[in-house]
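Below is one structure, written out as structure tokens, with a few remarks after it.
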């Protein structure tokens, strides 16, 4: 039975959780030889590697990922060498093997990250060479390469592409398949969208795919060869669009075609991006959020074509969601710093400013090392990286203040945290006001319309917006959410918008 990438992630997490379960003595409940590796089979570029990193991060275990296409029997099993041994009083020369590169990388990860449990992810496993196949079969069953066993606490997850996507695929025989847990994964825009929104994927990509979800994933054969577009391609393109915009570089078909390798889809998106860019120039979203937009702007939006109206609404939500993300990161960073101070309260209370500064001088590199280990273990989501950078910045600022002041270290730190909290509150107030201004503008312009519904549903889908509204509230959101949030109305508007774009 096939599933989307979100459902596959859950299955990966369930399997890892089960295999890492222990009894009261600390022994793993599922013996190594009974731990069937998962085998995710699906088209390339749909996010199989990404979900491994997400699971490892959420479970706080390590991840080692390998593509098996470049491995030979020697690199997987280890290289032979001659060793002298004595049997029955006589000396013999025997062949031994160095440790497998793959097994060695797991031990390296354990040493580097301090994590004793993790996921060993072997991608493109059905593209291994014929000479490696027997050893791979042994590994899937016994978790042994050559003479070296995978450490306990490491779960094997494998992946591969169906033969129609990769000419190097070798079909597994029954003996191999009987040692795997098979998951068939299919591309699914709605499942990917949740990840994309959480990661802040550029709104031009999300807007386009919301109208044309069939363009999310496509692989087809033409007279000129294969044309394709994948989830990986959209993510990488969205990243480059942000960087090109930041550096004021031209975003055109030449750039888009490097990531969206389907000529029709690339041209359609290029045309859409031009419209998106033009709408962003026409409508000053910052003025609207500040409540300074005039009636002429409201009238211009109200009389605009359907695609322009919906793009405008998404420009509003994109700007708001960026503010919400900033507030969330600032709050979590302040909470993390407060916890660090609380954990060392006695040393700070009893010590001088000089002693407190010396303590922070030790804690800052320790926090940096913890962050480095976390990155090495499983990577960190963008928001978590930004939070940790803010934590280190605040600790550094406190150290500088303590070094320059005399007297009570507790008073200096309390004053600094009070100032940071006031900045946080100001950010919350500003974001709340911007949200209310956006509701007011949309109400004046569209009333209780489908545009308002799109605004509500887009906010609801965004984790940062959900976090902000849950913590700080929004009377307008609660009122409109109750009155308007019906999927059928939103779907009807999207259908109308798609019909409009086809006419164009």
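Residue numbers (the working numbering): 1 to 504.
Using N, Cα and C, we set each Cβ at its ideal position, and we do this for glycine too.
This structure is a prediction, so every number in the text was calculated from the model and none was measured.
Where does residue i fall in DSSP's three states?
i	result
residue 123	strand
residue 6	helix
residue 18	helix
residue 62	strand
residue 220	strand
residue 202	coil
residue 87	strand
residue 30	coil
residue 299	helix
residue 152	coil
residue 176	helix
residue 291	coil
residue 254	helix
residue 157	strand
residue 96	strand
residue 171	coil
residue 259	coil
residue 82	strand
residue 67	strand
residue 13	helix
Among the options, which has the Cα closest to the Cα of residue i?
i	options	result
residue 356	327, 398, 269	398
residue 136	69, 326, 341	69
residue 435	456, 446, 134	456
residue 16	2, 35, 4	35
residue 121	95, 244, 157, 288	157
residue 422	330, 451, 474, 59	330
residue 442	315, 420, 362	315
residue 181	12, 349, 123	12
residue 162	44, 302, 478	44
residue 112	464, 375, 101, 351	375
residue 230	466, 419, 48	48
residue 2	14, 42, 22	42
residue 384	309, 328, 264, 281	328
residue 470	432, 452, 273, 449	432
residue 413	247, 345, 110	345
residue 138	77, 246, 151	77
residue 207	276, 255, 463	276
residue 178	273, 141, 402	141
residue 353	289, 465, 410, 306	410
What first and last residue would you give for the alpha helix (DSSP H) that runs through residue i?
i	result
residue 371	353-378
residue 249	Per DSSP, residue 249 belongs to no alpha helix (DSSP H) and is neither H nor E.
residue 312	306-343
residue 412	409-446
residue 399	382-404
residue 463	463-472
residue 268	263-282
residue 112	101-113
Where does residue i land, buried or exposed, given buried means 16+ other C-beta within 10 angstroms?
i	result
residue 259	buried
residue 131	exposed
residue 295	exposed
residue 159	buried
residue 343	exposed
residue 233	buried
residue 10	exposed
residue 31	exposed
residue 478	exposed
residue 311	buried
residue 134	exposed
residue 128	buried
residue 318	buried
residue 420	buried
Please indicate yes or no: does the CB of residue i lie closer than 6 Å to some heavy atom of the ligand FAD?
i	result
residue 50	Although the ligand FAD was asked about, the structure shown includes no ligands whatsoever.
For residue i, report the span of its beta strand (DSSP E) as first-last.
i	result
residue 40	38-41
residue 184	181-185
residue 164	Per DSSP, residue 164 belongs to no beta strand (DSSP E) and is neither H nor E.
residue 117	Element bounds for residue 117: n/a, residue is neither H nor E.
residue 139	Here residue 139 belongs to no beta strand (DSSP E); instead the alpha helix (DSSP H) covers 133-142.
residue 130	Per DSSP, residue 130 belongs to no beta strand (DSSP E) and is neither H nor E.
residue 227	225-229
With a cut-off of 8 Å, do at least 3 Cβ pairs link the region 23-31 to the region 139-147? no
Below 8 Å, can you find three or more Cβ-Cβ pairs linking the region 401-415 to the region 424-431? No, the region 401-415 does not touch the region 424-431.
Measuring CB atoms only, is the region 200-214 touching the region 155-169, in the sense that at least three cross pairs come out at less than 8 Å? no
Three or more beta-carbon pairs under 8 Å between the region 382-401 and the region 364-371, yes or no? yes
Within 8 Å, do at least three Cβ pairs link the region 331-341 to the region 229-249? Verdict: no, contact absent.
Hey, is the region 45-55 in contact with the region 99-111, meaning 3+ C-beta pairs nearer than 8 Å? no
On the three-pair Cβ rule with 8 Å, is the region 241-251 touching the region 220-227? At 8 Å Cβ cutoff, the stretches do not touch.
Touch test, the region 79-99 against the region 114-129, Cβ-Cβ under 8 Å, three pairs minimum: The region 79-99 is not in contact with the region 114-129.
Does the region 188-197 come close enough to the region 206-218 to have 3 or more Cβ pairs within less than 8 Å? Counting C-beta pairs with one atom in each stretch, the region 188-197 and the region 206-218 have three or more that are closer than 8 Å, which means they touch.
Is there contact here, the region 262-270 with the region 297-304, by at least three beta-carbon pairs under 8 Å? no
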